[in-house]
Amino acid sequence: MVDILPSILNSDFWNIKETLNILNKSEIKEIHIDIMDGNFVEDMAFGPKFVKTLREHTNLKLDLHLMMMNPERKIEKFIEAGADSVTFNIESTFNVMNIIQEVKKHNKKVGVAISPHTSISVIEAILPFVDQVLVLTIKPGTSNSKIITEMYDKIKELYEIKIRKEYSYRIMVDGKIDDKTLGPILESGAEAVVSGGYIFKNEKILDNIEILRKIGSKYE
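Residue numbers for the sequence shown follow the working numbering, so the first one is 6 and each next one is one higher.
The following block contains the structure:
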């Protein structure tokens, strides 16, 4: 079954506690949290205190995507706040192996993300060391973009490398995931997807998750 991670960035912050209660009752296992610094991406969102608050109100795993420059400066604080997995953008740092080692030192999962303009070859050398690869199908930090379907080929490339070299990373995709785009993404080899705008588009959060789960069940 495909892993579906609701992106809390798209939820109703006014009713965040109610949203968490709903997600706690669902069949999902992880929540995705985008951390934005206003530098690597234009917008700003969330910090360690917010992560800590979520940790206090849910037992679901917290999957963090650090869309920030030099994420190595903040990783320890986010782990201390309660992160279960930390993903950083390959374009945001020159200290790639240091980040991977730091996260693993705390027995947490580490992931690397690639923006649409980045080639798979840029991360190929570190694929044996990461737990997941996050493929962004829209420009990081944007919400009104259309999905970049050319990224499907990158998902396929990651899947082929994983099978050929017997790597263990999970292939995750984020960016405009809905009931229309999920199928082609899973066909390309994705094993996990992040969805925010679709899951939180209305009050039927559990129904929206179930729709995605049913679509995902066709690709098991």
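Note that CB positions come from ideal geometry on N, CA and C, so glycine has one too. The model shown is predicted, which means the values in this text are computed figures rather than measured ones.
Item                                                                                                                                                                        : Value
Could you tell me whether the segment 203-213 touches the segment 164-179, using the rule of 3 or more Cβ pairs below 8 Å?                                                  : no
Is it right to say Phe-99 is buried, meaning 16 or more other beta carbons lie within 10 angstroms of its own, or is it exposed?                                            : exposed
Hey, quick one: how far does the alpha helix (DSSP H) through Gly-221 stretch, first residue to last?                                                                       : 210-222
Within 10 angstroms of the Cβ of Ile-168, are there 16 or more other Cβ atoms? Answer buried if so, exposed if not.                                                         : exposed
May I ask you to report which of helix, strand or coil DSSP gives Asn-26?                                                                                                   : helix
Can you tell which of Ile-95, Gly-43 and Gln-137 has its C-alpha closest to the C-alpha of Asp-8?                                                                           : Gln-137
Tell me the start and end of each unbroken alpha helix (DSSP H) in the segment 130-213 that is at least 4 residues and wholly inside, in chain order.                       : 156-170 and 187-193
I'd like the span of the beta strand (DSSP E) that includes Asn-94, first residue to last.                                                                                  : 90-94
Can you tell me which of the three DSSP states Met-102 falls into?                                                                                                          : helix
Among Lys-159, Lys-161, Glu-162 and Ile-143, which one has its Cα closest to the Cα of Ile-153?                                                                             : Ile-143
Is the separation between the beta-carbon of Met-41 and that of Met-72 shorter than 7 Å?                                                                                    : yes
Tell me the DSSP bridge mates of Leu-10?                                                                                                                                    : Val-199
Only counting the same chain, and skipping five residues up and downstream in sequence, which positions put a Cβ closer than 7 Å to that of Lys-109?                        : Val-115
Going by beta-carbon coordinates alone, are Leu-25 and Thr-58 separated by less than 7 Å?                                                                                   : no
Taking the alpha-carbon of Asp-184 as reference, which of Ser-150, Leu-211 and Ile-220 has the nearest alpha-carbon?                                                        : Ile-220
May I have the straight-line CA-CA distance separating Ile-166 from Val-46, to the nearest angstrom?                                                                        : 29 Å
Within the same chain, show all residues whose beta-carbon is closer than 8 Å to that of Ser-150, passing over the 5 residues directly before and after it, in chain order. : Ile-143, Lys-144, Gly-180 and Lys-181
Got a sec? Which residues, its chain only, sit under 7 Å from Asn-103 by beta carbon, not counting five neighbours each side?                                               : Glu-77
Less than 7 Å between the beta carbons of Pro-53 and Lys-22, yes or no?                                                                                                     : no
Compute the beta-carbon to beta-carbon distance between Glu-35 and Leu-65, rounded to the nearest angstrom, for a pair I have assumed lies under 8 Å.                       : 6 Å
Where does Ile-128 fall in DSSP's three states?                                                                                                                             : coil
Please report the residue range of the beta strand (DSSP E) in which Val-117 lies.                                                                                          : 114-119
In its own chain, which residues sit with a C-beta less than 8 Å from the C-beta of Glu-196, not counting the 5 before and 5 after it?                                      : Val-7, Asp-8, Arg-175, Ile-176 and Met-177
Under 7 Å, Cβ to Cβ, is there at least one residue of chain B near Leu-10?                                                                                                  : The structure shown has no chain B; it contains just one protein chain.
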